[in-house]
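Accompanying notes for the structure given below.
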Amino acid sequence: MRVFRSVKDLGPLDVALKEAMEIKADRYKYQELGKNKTALLIFFNNSLRTRLSTQKAAMNLGMNVIVLDVNQGAWKLETERGVVMDGDKSEHLLEAIPVMASYCDIIGVRSFARFESREDDYQEKILEQFIQYSGKPVFFMESATVHPLQSFADLITIEEYKECKRPKVVLTWAPHPKALPQAVPNSFAEWMNAADVDFVVTHPEGYELDPQFVGDARVEYDQMKAFEGADFVYAKNWSCPGVTRPEDYGKILSQDMSWTVSERQMAVTNNAHFMHCLPVRRNMIVTDDVIESPRSLVIPEAANREISATVVLKRMLEAL
Ligand code: AN0
Ligand code: CP
Numbered sequence: 000m001r002v003f004r005s006v007k008d009l010g011p012l013d014v015a016l017k018e019a020m021e022i023k024a025d026r027y028k029y030q031e032l033g034k035n036k037t038a039l040l041i042f043f044n045n046s047l048r049t050r051l052s053t054q055k056a057a058m059n060l061g062m063n064v065i066v067l068d069v070n071q072g073a074w075k076l077e078t079e080r081g082v083v084m085d086g087d088k089s090e091h092l093l094e095a096i097p098v099m100a101s102y103c104d105i106i107g108v109r110s111f112a113r114f115e116s117r118e119d120d121y122q123e124k125i126l127e128q129f130i131q132y133s134g135k136p137v138f139f140m141e142s143a144t145v146h147p148l149q150s151f152a153d154l155i156t157i158e159e160y161k162e163c164k165r166p167k168v169v170l171t172w173a174p175h176p177k178a179l180p181q182a183v184p185n186s187f188a189e190w191m192n193a194a195d196v197d198f199v200v201t202h203p204e205g206y207e208l209d210p211q212f213v214g215d216a217r218v219e220y221d222q223m224k225a226f227e228g229a230d231f232v233y234a235k236n237w238s239c240p241g242v243t244r245p246e247d248y249g250k251i252l253s254q255d256m257s258w259t260v261s262e263r264q265m266a267v268t269n270n271a272h273f274m275h276c277l278p279v280r281r282n283m284i285v286t287d288d289v290i291e292s293p294r295s296l297v298i299p300e301a302a303n304r305e306i307s308a309t310v311v312l313k314r315m316l317e318a319l
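Each residue of the sequence shown is one higher than the last, beginning at 0 in numbering that gives the first Met the number 0.
Below, the structure is given as structure tokens:
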């Protein structure tokens, strides 16, 4: 595997899930694979889980790891070609990428949506430059539009906790005080469409996800109706994807607190498990009671980030 951004990059999901379970049973099984190989993890944005779980995954495989927080100590980077660099940015991404690549074998990049231009974000301008100019395998650690390591961990978690063959999985929008990216719901929708589940998306009008990710998934604007009989409830806030009105891209269209996941909605589910990628704002996205309930999977879900990252790095090491 040279690039990891989409569910398609993994190949057949049953094979990938088997590999994940094998690694979960013995996470050091491939500790010789990464000997004298270096992973470079580059963060343009904050992280707790991705940073720690991906480092741990690389160490499971015997790799060396370098972590760079671009905004803390590195030179401020210009990302647009053709700019006269007379401002506060000292270095251009076009030099920085090959320099960084020269010190490593595999590169992970976190670079969130900037919300300056829908086109720039959805064209993945930053990650595409890493793919083009690094000459190294690149995996996405949440880009402008996708978060595949999260969705893979979510899929592993659903596989572990499902109580029927084809569970009903509901992705629900929930309110949040800041405009958040669409990367998590985009990838979750993409992965659930590829998995053997009954998938439903619910959100207020105007929050329609990009068709390239949501595909033909059932969209239900009535949250209570969507929750009926659900086996898994996956909550997430996202800002306006700008599908129906491009001028609203990245805006907060609703802060309707009736969408906060509480016992009221959970009562109509099939005793559903609650999921969220974290970090989560309590009593905005989900009530204390629901996130603390025995049906909440937020901690095992986060723990599975180590497993999804180990599978991805293993696949990339095998292809070096
Ligand atoms: C980010 C987001 O919503 O994309 C990261 C989630 C993994 N969340 C925040 O910025 C709070
Ligand atoms: N879920 C997730 O990616 O968390 P971090 O932003 O803390 O890495």
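Yeah, the Cβ is synthetic: ideal placement off N, Cα and C, and Gly gets one too.
- One thing to note: SER253 has its Cβ within 8 Å of the Cβ of PRO203.
- Counting every other CB atom within 10 Å of its CB across the protein chains shown gives MET315 a total of 16 or more, marking it as buried.
- Of the candidates GLY214, SER295 and LEU39, LEU39 places its Cα closest to the Cα of VAL66.
- Between the alpha carbons of THR268 and ASN44 lies a gap of roughly 35 Å.
- Proximity of the stretch 202-220 to the stretch 238-258 meets the contact definition, three or more beta-carbon pairs being nearer than 8 Å.
- Look at LEU40: its beta carbon is at least 7 Å from all of the heavy atoms in the ligand AN0.
- LYS167 sits away from ASP221, with the two beta carbons spaced by 8 Å or more.
- For the set ALA216, ALA95, GLU115 and TYR27, the Cα lying nearest the Cα of MET191 is the one of ALA216.
- A buried status is given to GLN54, since no fewer than 16 other beta-carbon atoms sit within 10 Å of its beta-carbon.
- For LYS235, the beta-bridge partners assigned by DSSP are TRP172.
- In the DSSP assignment, ILE41 falls within the beta strand (DSSP E) that extends over 37-42.
- By the Cβ neighbour-count rule, ASP120 is buried, with 16 or more other Cβ atoms within 10 Å of its own.
- LEU252 carries a coil assignment under DSSP once its states are collapsed to helix, strand and coil.
- Closest by C-alpha distance to ASN35, out of ASP8, ALA57 and ALA301, is ALA57.
- Under DSSP, LYS167 takes part in a beta bridge, and its partners are ASP197.
- One thing to note: PRO147 has its Cβ within 8 Å of the Cβ of SER186.
- For ILE22, there is no enclosing beta strand (DSSP E); the enclosing alpha helix (DSSP H) has its first and last residue at 12-24.
- Here HIS275 is not bridged, per DSSP, to any residue.
- DSSP, read as helix, strand or coil, puts ASN270 in coil.
- Spanning the alpha carbons of ARG280 and GLY249 requires a straight line of approximately 19 Å.
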